[in-house]
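Student: Letter by letter, the sequence shown follows residues 1 to 117 of the UniProt record's numbering.
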Amino acid sequence: MNTGVRLRVVQKLVKRFRELGEDVLPAPLPKSGRPKLWSPWTLKVISRQVRSNPALTAREVKEKKPRLLCHVSLRCVQQALHDDLGFKSFRARRKPLLTKRQKENRVKFCKKYEVWD
């Protein structure tokens with residue numbers, strides 16, 4: 001059976017589990033790389049903002065919460081929106097307004113076909 005995990009990794013985990021006992025979980029190992037500048041709570045606030053108004057830009061998100069996001073750059077906010085929250089960037093589609101003539105034609109059409117019999 002292939003689980004996608006190497007045998008040696010499983011052996012090390014089993015060994016550590018037996019050494020520490022069943023009640024104690026092993027402490028997570030320190031991760032390499034710089035830690036994120038935002039907490040899960042900050043991401044939740046950003047997510048709530050964007051869900052309530054999908055047309056917001058990253059700059060507007062940062063400007064609306066200056067105290068919360070003062071220590072992060074605009075690029076960090078963009079990265080959080082894209083990578084951590086899964087919001088893709090796109091432009092809103094232009095929806096042209098109906099002209100007066102188009103409105104009149106629609107009313108004529110509706111009155112003409114009001115009764116289908």
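The beta-carbon is built from N, C-alpha and C at its ideal position, and this holds for glycine as well. Since we're looking at a predicted model, the values are computed, not measured.
Quick one: what does DSSP say residue 70 is sitting in, helix, strand or coil?
Tutor: As a working note, residue 70 is residue 70 in the sequence shown. Looking at residue 70 - three-state DSSP - the assignment turns out to be coil, as it is neither helix nor strand.
Student: Helix or strand or just coil, what does DSSP make of residue 92?
Tutor: Translated into the one-based positions of the sequence shown, residue 92 becomes position 92. Residue 92: coil per DSSP, three-state reduction.
Student: Does DSSP classify residue 55 as helix, strand or coil?
Tutor: Here residue 55 refers to the residue found at position 55 of the sequence shown. DSSP places residue 55 in coil when its eight states are reduced to three.
Student: What separation, rounded to the nearest whole angstrom, lies between the Cα atoms of residue 28 and residue 47?
Tutor: Here residue 28 refers to the residue found at position 28 when the sequence shown is read from its first residue. Here residue 47 refers to the residue found at position 47 when the sequence shown is read from its first residue. So the two alpha carbons sit approximately 28 Å from each other.
Student: Compare the C-alpha of residue 76 against each of 21, 17 and 42 and name the closest.
Tutor: One-based indexing of the sequence shown puts residue 76 at position 76. Residue 42 is the option with its Cα nearest to residue 76.
Student: Considering only the beta carbon of each residue, do residue 74 and residue 92 sit closer than 7 Å?
Tutor: Your numbering for residue 74 matches position 74 in the sequence shown. Your numbering for residue 92 matches position 92 in the sequence shown. Their beta carbons are not under 7 Å apart, which means residue 74 does not touch residue 92 by this criterion.
Student: With respect to the alpha helix (DSSP H) encompassing residue 87, which residues constitute its N-terminal and C-terminal limits?
Tutor: Position 87 of the sequence shown, counted from the first residue, corresponds to residue 87. First-last for residue 87: undefined, no H or E at that position.
Student: Are the CB atoms of residue 78 and residue 61 within a distance shorter than 7 Å?
Tutor: As a working note, residue 61 is residue 61 in the sequence shown. As a working note, residue 78 is residue 78 in the sequence shown. No, these two residues do not count as a Cβ contact at 7 Å.
Student: Ends of the alpha helix (DSSP H) at residue 105?
Tutor: Counting from one through the sequence shown, the residue named residue 105 turns up at place 105. Per DSSP, residue 105 belongs to the alpha helix (DSSP H) from 100–112.
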